[in-house]
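For the sequence shown, position 37 (counting from the first letter as 1) is numbered 34 according to the working numbering, and the numbering increases by one without interruption. Glycine is no exception: its CB is placed at the ideal position from the N, C-alpha and C atoms. Below is one structure; the comments refer to it alone.
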Amino acid sequence: MGVNLTNHQIQFVNALLPLDLSSLPAATRPHFTLGPKEEWSEFFVWLENQPPSVIIIDGLCSLLDQGHDLDTALWFFTACQRIVESHGVTGARLVVNMFVDDECTEPLAHAVVRRSHYVLSFEALASGSSSDVSGQLTAVAGHLHCQLPASKTFKPTVLHYKVSDATVLFFSPGQSRIVL
C-alpha cells in the first residue's frame, strides 16, 4: 500500500496481560494496557488522539480466547478501522494478523475479509517443507478494494518466501529468489 513505516511511530498496546510491565525496555513497554471491555472506550479515545500511524492487531482471535464473543471481536476491529479511516487516505493503516485454525475463528476471519482492502495469506507449501522455501504468500484483493473505481489495477499474486535471521526473501514460484 506504499506505506513507509519509518515515518510512523510504533505504539505497543498490551491486550493480554494484566501485569505491570513497566520494567520492560522502553522500546517494548506498552503505551497502553487494554482492560476489560467496559474500559475500551478509554482505549479508543487514546487511539484517536495519537498521530496517524500503522495499527497492528496481532492476534485478533485472542479476543475470542479471552472469552469475548464473535460480535465483540468484530466490534473491536470495526472501531479500530473507523479511527484509521478518520485519518484519511494518507493517514493511518490497519493491519490485522489472525491465526485461523478452528470453527470458532473462521467466522471472524470471513467477517474481517469482507471489511478489508487486501488479504495476505501465509501458509506452508502443499508439497511439504523445503530448505529453500519457508512458505507461500497469497495476496488477493479484499471486498472493500473490489468496490473502488480503480480496483482492476491489483492482480492476485502468489509468492514463495524464505525467512532468514534478518530478512524475508520473496520470489515467484519456480524463479530465483529476489528481494522485494
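- The beta carbon of L57 sits closer than 8 Å to those of A70, F73, F74, V93, N94, M95, L105 and V109, all from its chain and outside the five residues before and after it, given in chain order.
- Annotation for L122: no beta strand (DSSP E) segment contains it, and DSSP assigns it neither H nor E.
- DSSP, read as helix, strand or coil, puts H28 in coil.
- Of all alpha-carbon atoms in S124, L21, L122 and S113, the one lying nearest the alpha-carbon of H140 is that of S113.
- Proximity to D162 across S131, G171 and S127 peaks at S131, based on C-alpha coordinates.
- Residue burial is scored here from C-beta neighbours: L122 has fewer than 16 other C-beta atoms within 10 angstroms and is therefore classed as exposed.
- Closest in alpha carbon position to P170, among T164, K152 and T135, is T135.
- T69: member of the alpha helix (DSSP H) spanning L67 to S83, first to last residue.
- Between S128 and the set I54, K159 and F151, the nearest pair of CA atoms involves K159.
- Here DSSP, grouped into helix, strand and coil, assigns L166 to strand.
- Across the structure, I53 and L91 are spaced so that their CA atoms are roughly 6 Å apart.
- DSSP places K34 within a helical segment (H, G or I) once states are collapsed to three.
- Of the candidates Q78, P22, S20 and P27, Q78 places its Cα closest to the Cα of F41.
- In the structure shown, D129 adopts coil according to DSSP, grouped into three states.
- When S124, H107, G125 and V97 are compared, the shortest CA-CA separation from S59 is found for V97.
- The C-alpha of L44 lies about 13 Å from the C-alpha of N11.
- Annotated three-state conformation of H140 is helix, per DSSP.
- Here D55 carries a strand assignment [DSSP, helix/strand/coil].
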